[in-house]
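Q: Counting from 11, one number per residue, gives the positions in the sequence shown under my numbering.
The beta carbon of each residue, even a glycine, is placed where N, CA and C say it ideally should be.
Following this message is one structure expressed as structure tokens.
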Amino acid sequence: MQETSKNRRTIRSFVRRTGRLTPSQSKALEELWPKIGIEHDTQILDFEVVFSRSAPIVLEIGFGNGDSLAQMAEERPDKNFLGIEVYEAGIGHCLLMARDLALNNLRIVAHDAIEVLEHQIPLASIARVNLYFPDPWPKKRHHKRRIVQPAFLDMIANRLKDEGTLNIATDWAAYAEHIDEVLSHSDRFICTERREHGGELPLERPRTKFERRGLKKGHRIWDWRFEKKPNT
Ligand SMILES: C[S@@+](CC[C@H](N)C(=O)[O-])C[C@H]1O[C@@H](n2cnc3c(N)ncnc32)[C@H](O)[C@@H]1O
Numbered sequence: 011m012q013e014t015s016k017n018r019r020t021i022r023s024f025v026r027r028t029g030r031l032t033p034s035q036s037k038a039l040e041e042l043w044p045k046i047g048i049e050h051d052t053q054i055l056d057f058e059v060v061f062s063r064s065a066p067i068v069l070e071i072g073f074g075n076g077d078s079l080a081q082m083a084e085e086r087p088d089k090n091f092l093g094i095e096v097y098e099a100g101i102g103h104c105l106l107m108a109r110d111l112a113l114n115n116l117r118i119v120a121h122d123a124i125e126v127l128e129h130q131i132p133l134a135s136i137a138r139v140n141l142y143f144p145d146p147w148p149k150k151r152h153h154k155r156r157i158v159q160p161a162f163l164d165m166i167a168n169r170l171k172d173e174g175t176l177n178i179a180t181d182w183a184a185y186a187e188h189i190d191e192v193l194s195h196s197d198r199f200i201c202t203e204r205r206e207h208g209g210e211l212p213l214e215r216p217r218t219k220f221e222r223r224g225l226k227k228g229h230r231i232w233d234w235r236f237e238k239k240p241n242t
């Protein structure tokens, strides 16, 4: 059975950024959304209908401007990519990339990923979840907004197929510690690879916009692959 939240969530992992859309991003939202966008709803999605075919699903949470998501979708036409993001200008940018690269294997939901996971993503349906450079929420009083929390990990594990993976990257040392700590206590995931590097060793992903930003500031990068534990 799908989980339901008893209490309405008040703590979110994002604040809505009202970055101005360029005219081409606005046009993309108008014209390309009907083909690529999926409305947030409380109905479970049927991925065969959504993608008009059956293929392993890669889910990216918080794809930003979608550069890396679109690149991955172009490189892996054998997989279906679903991106979730709340930043409108980023979604517009990603739609334009999907059009320019003629991608048929990419769909987008413009809503809070936690609610999308809870309401729309079938259990045991996803091959891989990507969470790249999630907002680090550096102030102590904001740590509760960090998306990587035990309840989030349970939600992801429930939606991954057996042997499905959760791939995370960050450029924020204190968030890397938090991720190590929370995942080390998880009985749902096992770490199958962990890298700390200076941008030269991304783990099965392209370089992202926020990674480039972090590298310019001299940050280190941490990459993990966690595999869902069997029979959880
Ligand atoms: C620091 S940015 C990283 C963007 C991109 N992954 C990259 O590496 O360039 C984090 C993104 O996650 C998005 N985000 C945070 N929480 C989210 C949520 N609950 N649902 C959807 N998007 C979320 C934010 O809007 C933001 O664009």
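State the Cα-Cα distance for the pair residue 156 and residue 96, rounded to the nearest angstrom.
A: Taking the first residue of the sequence shown as position 1, residue 156 is located at position 146. Taking the first residue of the sequence shown as position 1, residue 96 is located at position 86. Cα-Cα distance, rounded: 16 angstroms.
Q: Using a 10 Å radius around the Cβ and a threshold of 16 neighbouring Cβ atoms, would you call residue 72 buried or exposed?
A: By 1-based counting over the sequence shown, the position of residue 72 is 62. Label assigned to residue 72: buried.
Q: Heavy atom of ligand 3 less than 7 angstroms from the Cβ of residue 123, yes or no?
A: Questions concerning ligand 3 fall outside what the structure shown contains, since the ligands it does hold are ligand 1.
Q: If I follow the unbroken beta strand (DSSP E) through residue 200, where does it start and stop?
A: Walking along the sequence shown from the start, residue 200 turns up at place 190. Note, residue 200: beta strand (DSSP E), 199-207.
Q: Regarding residue 235 and ligand 1, is the C-beta to nearest heavy atom distance less than 7 angstroms?
A: Start at 1 with the first residue of the sequence shown, and residue 235 comes out as number 225. No, ligand 1 has no heavy atom inside 7 angstroms of this Cβ.
Q: Can you grab the Cα-Cα spacing for the pair residue 210 / residue 114, in whole Å?
A: The residue labelled residue 210 in the question sits at position 200 within the sequence shown. The residue labelled residue 114 in the question sits at position 104 within the sequence shown. The alpha-carbon atoms of residue 210 and residue 114 are separated by roughly 30 angstroms.
Q: Check whether chain D comes within 8 angstroms of residue 82, counting only Cβ atoms and requiring the distance to be less than that.
A: No chain D is part of this structure, which consists of one protein chain only.
Q: When every heavy atom of ligand 1 is checked, does at least one fall within less than 7 angstroms of the C-beta of residue 94?
A: Taking the first residue of the sequence shown as position 1, residue 94 is located at position 84. Indeed, a heavy atom of ligand 1 lies less than 7 angstroms from the Cβ.
Q: Taking 8 angstroms as the limit between beta carbons, can you name the residues of its chain near residue 203, skipping five residues before and five after?
A: Indexing the sequence shown from 1 puts residue 203 at position 193. Cβ neighbours of residue 203 beyond the five flanking positions: 213, 233, 234 and 235.
Q: If I measure Cβ to Cβ from residue 84 and keep anything under 6 angstroms in the same chain, skipping five residues before and after, which residues do I get?
A: To locate residue 84, count along the sequence shown from 1; it is residue 74. The answer, listed in chain order, is 111.
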